[in-house]
Structure formats: C-alpha cells, structure tokens
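When you line the sequence shown up against my numbering, it's residues 257 to 643, in that order. Beta carbons: idealized from backbone N, C-alpha and C, even for Gly. Read the structure below first, then the notes.
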Amino acid sequence: MTQLVDRATEQWTAMGPSRRLVHFEPVATIDAVASWLGAARAGHVVALIPPGRGAGFRHRYDPDSIAGRTRSGWQVEHLRRRSRHELHPDLGLLMTTSGSTSSPRLVRLSFDNLMANTEGIVDALGIRAEDVAVTTLPLSYCYGLSVLHTHLAVGASVVLTARSVTDSVLWQQMSRAGVTTLSAVPHTFDLLTAAGRSPGQLLAMRQVTQAGGRLDPAVAREWGNRGHEEGWDLRLMYGQTEATARISVSAPNEAVRHPDRVGRPIAHTQVELRTEGRVALPGEVGEIHVSGRGVMLGHALSKADLALGAAVSDLATGDLARRHPDGTLEILGRGSDFVKIAGLRIDLAWLEGSLARRGVTALVTAGTHDLHALVEDRPTIDVGETR
C-alpha cells in the first residue's frame, strides 16, 4: 500500500508545485484509495463527490482535475496545467452532507480537522493494528471515510468492497479476512435481520459501530444484548459532516445499559447544550453546540468560498439532546421536529413513532395552541386509544 500511495503522490505532483482543486469520485478499490491519499499528501484540495453526481459540482466549481473510475479502470484527468482557483492554505477536503448531495453547498474541512477527528475516534473506539474493518459505507460519506482513516492511521487493515451486508459473498470475504469491526447505520440492522445475519457469525468480530441517525432504543437494546451473547460490543455514536465525522461515542457495554444514549464527546471535541439563549441545566433539553478541532472551516456555495479560512468556531447542529449526570448524551431529534405548546416541548417525530408502534400510520403537525394528527384510516384503529 505504501508503494501505491508513493506512486500516486508522484503522479499528483507531476503537474507542478501549485495546489489543485480535484473532483474525486471515490470507490472502494485500492487504486482509488491510493489516489486519494496521494492527492492529500501532495496538498491538493479534494472534493469527494458521490459517484454519478458530479455534473453539478463541475459546473459550479470548475475543478482543475477529475479522478474517477472509467471502463478502463481508475483514471486521473488534468484539465489544465495551473489551477484557476484561490485555495485557502488550510483547506484540504470538500464533502457533501446527507442533505446536500444535489446542492452546491459543500463542507470545507482542513487536514487538521481530519487528523483531530481521526485521533479522537481511534482513542474512543480503541482501534488497534490487529483490527480489520470493511467498507460497508460509501467513502464519499463522512462516516465511511472515517472508518478508512482511523484504521489506516494505526496500521490496521480495511477490506475494500462495494457489496451489501445482505450479500453472502461479502460474508465469505469478511470471514476469510478476519473482520473485527462492522460499521452500521440504522437501516443496516433491518438488512441484517432480513438476511438472517448477525455479526457474531464472524469469529473475529469484536465491535459494531452505529451512526448516521438515531437508532431506536428498542433496536439498540436488542442488538446490544445479542452482541453481549455473541461476544461483540455495540458502540452507539453521534456525528455530523460539519464536525468532520464523529462527535461522541458510547463506552464499551453502554448500549445494553443505556440504549438511548450516544456516549460522551471524543477527544478534541467539546459539546454544550443551549436553550433559550443560555446553557441548559443538567437533564434539561437543549440544542447541541460543538466546538474544537473537528469543527469545519465553514460551508462553500461557490468557487469564491474556497479562498476563505475558518468561519465557524461554534457549530449549532440543529439537534436536541439531554445530558445525563454521568456526562452521556441522549439525542432526542432535530429541533425542527419539536414544538412548544402550553409551555411544553413536544417531539412530533416521537409521537409519530409511538403511534406507529401501535399500528397507526400518522402525520403529526402543530397548530397555534394544539396538535393535529392525520391518520391513515383502517378498520383496526382504536380511535380512543389513538387520542
């Protein structure tokens, strides 16, 4: 791998010493990973764009180089000898967020952001050289990219594949490679259930990490208990692309005791909960604000923004949480999902979920002084219980 990265670095520096803006469509292959690491080592600014979604980026940002997979293999195309862009010295990486894949808005990250977040995750999860991860998540997704970075940082191994967790061939590959870590989002557990699979079927498995949205506590408890029985640990996490990747990580065995919590902030990251212009009291609900070395430089909406330095020191995430006396965080949902009626803060998404668990499909909205629920009419609905 070292030789491949060295060769890729030489290729990226062949155009001269000036930094370039690179449109990069990452795929889980050794050539693509070596090319990404080589471009980063050469100091270029890389925009990791999901494959097949680059037309809008190229039109708005006019990259100097394009790297991606073609029919003949991995290819790098230089569109000009010298960059047309003014690139801030701290800028190293551009990423889309989960809600901006078709938007021109990108997250501007520095190499220090990447290093700090990588160090924090490695420390929190106890990643070691003997570990073997697998690319069950896209490398254009901050969570998926962090899995690659954290394992390479400690000399661990990563199985590069684009196969789904429902694919029997993937399970054969993971078994042969001795995979120790599986990275999951909430939907992953639905897929595992549907396929009749469990991480414990892999003899070397020691932990499963979860991020990418709030996992239903009942599901977290179920899989946490299964992990306890099978000899692996479920680690619940919270993060945002704007904070590079991870913000908090649960401690070992915590998912069984507290399936509704996502642990404590990782190293180099500070979290404060605020409500109505003040710091939330212990146990009080507040919006998550993040500071520290993992917080992005800022957003980019145009080429001109690539020349900007750090514009964000306090990241308002838009997510609401409660901090427990032991310092662990309980994520409650998006601030936009909550309304305040008669002095009470009400979680609309929780109400919809509560109704769904009773077999009622509903859309809950808020009026000025009351709540409204649009319910799918079915003969089995008990109107009194629903109210």
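Cβ distance (whole Å) where residue i is taken to contact residue j below 8 angstroms
i, j, result
"residue 395", "residue 284", "6 angstroms"
"residue 495", "residue 399", "7 angstroms"
"residue 584", "residue 519", "6 angstroms"
Nearest neighbour of residue i, chosen from the options [CA to CA]
i, options, result
"residue 343", "305, 301, 361, 309", "301"
"residue 408", "257, 565, 632, 619", "257"
"residue 310", "371, 496, 350", "350"
"residue 559", "537, 339, 326", "339"
"residue 457", "470, 429, 403, 331", "429"
"residue 501", "422, 403, 445", "403"
"residue 415", "423, 452, 392, 424", "392"
"residue 581", "611, 281, 537", "537"
"residue 450", "470, 468, 423, 434", "423"
"residue 589", "533, 583, 473", "473"
"residue 454", "470, 483, 469, 585", "483"
"residue 439", "513, 369, 397", "397"
"residue 420", "410, 444, 405", "444"
"residue 567", "371, 577, 548, 555", "555"
"residue 531", "506, 510, 576", "576"
"residue 539", "507, 586, 506", "586"
"residue 348", "579, 564, 619", "564"
"residue 527", "346, 579, 552, 487", "579"
Assigned secondary structure, residue i (DSSP; H/G/I helix, E/B strand, else coil)
i, result
"residue 305", "coil"
"residue 504", "strand"
"residue 486", "helix"
"residue 548", "strand"
"residue 478", "helix"
"residue 492", "strand"
"residue 333", "strand"
"residue 439", "strand"
"residue 573", "strand"
"residue 274", "coil"
"residue 284", "coil"
"residue 424", "helix"
"residue 617", "coil"
"residue 294", "helix"
"residue 315", "helix"
"residue 321", "strand"
"residue 289", "helix"
Residue i Cβ short of 6 angstroms to the ligand ADP heavy atom set
i, result
"residue 374", "The ligand ADP is absent from the structure shown, which contains no ligand whatsoever."
Inset, instruction - Would you be able to state if there are at least three C-beta pairs under 8 angstroms between the segment 463-475 and the segment 484-501? - result: Because the criterion of three Cβ pairs below 8 angstroms is met, the segment 484-501 and the segment 463-475 touch.
Inset, instruction - Report yes or no: do the segment 306-326 and the segment 365-378 share at least 3 C-beta pairs separated by less than 8 angstroms? - result: In short, these stretches do not touch, since the Cβ pair count stays below three.
Inset, instruction - Any chance you could list the beta strand (DSSP E) runs of at least 3 consecutive residues sitting entirely within the segment 341-415, in chain order? - result: Listed in chain order, they are 347-351, 362-366, 388-390, 413-415.
Legend entry - the segment 328-348 contacting the segment 522-531, beta-carbon criterion three pairs below 8 angstroms: The segment 328-348 is not in contact with the segment 522-531.
Inset, instruction - Please confirm if the segment 567-581 is in contact with the segment 377-388, defined as three or more CB-CB distances below 8 angstroms between the two stretches. - result: For the pair of segments examined, the segment 567-581 was found not to touch the segment 377-388: the number of CB pairs separated by less than 8 angstroms stays below three.
Inset, instruction - Output the residue ranges of the alpha helix (DSSP H) runs that lie fully inside the segment 503-537 and measure 4 residues or longer, sorted by chain position. - result: DSSP assignment within the segment 503-537 yields the following whole alpha helix (DSSP H) runs of 4 residues or more, N-terminal first: 510-513.
Inset, instruction - Return the chain-ordered ranges of every alpha helix (DSSP H) run that is complete within the segment 448-478 and spans a minimum of 4 residues. - result: The segment 448-478 contains no whole alpha helix (DSSP H) run of 4 or more residues.
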